[in-house]
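Participant:
There are 2 protein chains.
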Amino acid sequence: MMNELFKALNDETRREILNNLKERDMSAGDIADLFNISKPSISHHLEILRKADLVRSEKRGQFVFYSLNTTIMDELLQWILTLKKT
Amino acid sequence: MMNELFKALNDETRREILNNLKERDMSAGDIADLFNISKPSISHHLEILRKADLVRSEKRGQFVFYSLNTTIMDELLQWILTLKKT
DNA sequence: TAGATATTTAGACAAATATCTAAATACTAT
DNA sequence: ATAGTATTTAGATATTTGTCTAAATATCTA
Numbered sequence: 001m002m003n004e005l006f007k008a009l010n011d012e013t014r015r016e017i018l019n020n021l022k023e024r025d026m027s028a029g030d031i032a033d034l035f036n037i038s039k040p041s042i043s044h045h046l047e048i049l050r051k052a053d054l055v056r057s058e059k060r061g062q063f064v065f066y067s068l069n070t071t072i073m074d075e076l077l078q079w080i081l082t083l084k085k086t
Numbered sequence: 101m102m103n104e105l106f107k108a109l110n111d112e113t114r115r116e117i118l119n120n121l122k123e124r125d126m127s128a129g130d131i132a133d134l135f136n137i138s139k140p141s142i143s144h145h146l147e148i149l150r151k152a153d154l155v156r157s158e159k160r161g162q163f164v165f166y167s168l169n170t171t172i173m174d175e176l177l178q179w180i181l182t183l184k185k186t
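Below is the structure:
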């Protein structure tokens, strides 16, 4: 669980995807257009982010829209604060 | 920089090391004794944590003591909060 | 100085990862 | 139905990573 989370965050491309999703929900294709990386690779990154519950996906017609899930961030915050305390 | 940080955190053993250092400073050998992993491997993990500035090391006689550096955690906190905000 | 203990470095290797192209699947619209 | 667009799945490959053992380095002590 924490494993999936840290694994997902351990990649510059995936972190950049999260940063972009902060602004607005985006389709897989829109996200892919932000990078010089093939669509299948981006699709793979998105799956890793989804498994970590960092993003949610929703099919709208022929598109798949991705959105940021910030609630999982709270767990990460908690983890860090625990390390800092005492 | 953020790369080194996330890379360092992306390993259960290293996260466990950090948790143990929260309690008290420990020598490399003491840390190694906590795990069923060879001392060279632990030494390698410690180097990765050190490069990420998550731990500091100090030689005391023939021992090398490691301590947690929590200031770097603040950067991580900031990163997460930025993702959450708006 | 020799021997013992603590730690790191070097080199090897299997497993995991990021990437690609090609093909499959799903939906839209003519 | 057919063609076009969007996305994922499959399979391949080069790189990175975590681990090991053996050897090197550093320090302590008798």
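Chains A and B, in that order, give the protein sequences. Numbered according to my numbering, the first sequence spans residues 1 to 86. Numbered according to my numbering, the second sequence spans residues 101 to 186. Idealized CB from N, CA, C, for every residue including glycine.
Assign M126(B) to one of two classes, buried (16 or more other C-beta atoms within 10 Å of its C-beta) or exposed (fewer than that).
Facilitator: When all chains shown are included, M126(B) counts as buried.
Participant: Go ahead and label L181(B) buried or exposed: buried means 16 or more other beta carbons lie within 10 angstroms of its beta carbon, across all protein chains shown.
Facilitator: Burial call: exposed.
Participant: Would you verify that the beta carbon of F6(A) is, or is not, closer than 8 angstroms to some beta carbon of chain B?
Facilitator: By this cut-off, F6(A) is an interface position.
Participant: Under a CB-based cut-off of 8 angstroms, is N169(B) close to chain A?
Facilitator: So, not an interface residue.
Participant: Can you tell me the Cβ-Cβ gap for H144(B) and T113(B), rounded? I've got them flagged as a contact below 8 angstroms.
Facilitator: So it is not a contact: roughly 10 angstroms between Cβ atoms.
Participant: Going by DSSP, what residue range makes up the beta strand (DSSP E) through S67(A)?
Facilitator: Residues F63 to L68.
Participant: Rounding to the nearest angstrom, what Cα-Cα distance links M173(B) and K159(B) in this structure?
Facilitator: Using only the alpha carbons, I get a separation of about 24 angstroms.
Participant: Rounded to whole angstroms, what is the Cα-Cα separation between E4(A) and I117(B)?
Facilitator: C-alpha separation (whole angstroms): 19 angstroms.
Participant: If we ignore side chains and look at the alpha-carbon of each, how far apart do V134(B) and D111(B) end up?
Facilitator: Checking the displayed sequence, the identity of residue 134(B) turns out to be Leu instead of Val. Cα to Cα, L134(B) sits roughly 15 angstroms from D111(B).
Participant: Could you work out which residues of chain B lie near N10(A), taking near to mean beta carbons separated by less than 8 angstroms?
Facilitator: Under the 8 angstroms cutoff, chain B gives F106, K107, L109 and N110.
Participant: From S38(A) to L121(B), what distance separates their C-alpha atoms?
Facilitator: Their Cα atoms are separated by approximately 42 angstroms.
Participant: Please list the segments of the alpha helix (DSSP H) lying wholly inside the stretch 105-153 of chain B, counting only runs of 4 or more residues, in order along the chain.
Facilitator: 112-123, 128-133 and 139-151, all fully within the stretch 105-153 of chain B.
Participant: From this set, W179(B), K184(B), Q178(B) and N169(B), which residue's C-alpha is nearest L83(A)'s C-alpha?
Facilitator: For L83(A), the nearest C-alpha among the options comes from N169(B).
Participant: Of all the residues that make up the stretch 150-176 of chain B, which are near chain A by a beta-carbon distance shorter than 7 angstroms?
Facilitator: Flagged, chain order: T170, M173 and L176.
Participant: Identify whether K185(B) lies in helix, strand or coil by the three-state DSSP scheme.
Facilitator: Coil at K185(B), not helix or strand.
Participant: Looking at A108(B): is its Cβ nearer than 8 angstroms to the Cβ of I148(B)?
Facilitator: In contact: A108(B) and I148(B) (Cβ atoms closer than 8 angstroms).
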